[in-house]
Amino acid sequence: MHKEIQKMKEIILIYLDRSGGLEKFVHDCKKYNDSKQSYAVYRFVISINPSDVAELDATLGNYILHKPMKAAGIFQSVCFVAIKTLSLIEQLQTEAQGLGT
């Protein structure tokens, strides 16, 4: 199961990059980071087209359609790693602070 989740994370990153979602996500992070206000939770809207995802990877597409909360958790994990790796939001400490909707 761990390898399957890891593969889904990689596919999510590819999907976000190809769909323009990653660029929008980075832009949203910069707005939060540039803000003088401190946030306990950071909210992000990530648009996903399940049929596009399914074309890229059927397993992830099925996961999004049949286990949306678990899929959201995987997307949240990918976003957290991106934020930390790219140093997008200095104040972000935990994965739970980044909410994707």
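Adding 6 to a residue's 1-based position in the sequence shown gives its number in this note's numbering.
The beta carbon of each residue, even a glycine, is placed where N, CA and C say it ideally should be.
None of the values given here were measured: they were computed from a predicted structure.
Short Cβ contact (8 Å threshold) for residue i with residue j
i           : j          : result
residue 89  : residue 15 : no
residue 94  : residue 32 : yes
residue 101 : residue 39 : no
8 Å contact criterion, which residue i and residue j should meet: CB distance rounded
i          : j          : result
residue 19 : residue 59 : Their Cβ separation, rounded to whole angstroms, is 12 Å, which puts residue 19 and residue 59 out of contact at 8 Å.
residue 48 : residue 82 : Not a contact, Cβ separation roughly 11 Å.
Burial state of residue i (16 or more Cβ within 10 Å)
i          : result
residue 77 : buried
residue 69 : buried
residue 98 : buried
residue 67 : buried
residue 26 : exposed
residue 92 : exposed
**OP:** Enumerate, from N- to C-terminal direction, the unbroken beta strand (DSSP E) stretches of 3 or more residues contained entirely within the segment 15-84.
**Re:** Uninterrupted beta strand (DSSP E) stretches at least 3 residues long and entirely within the segment 15-84 occur at 48-50, given in chain order.
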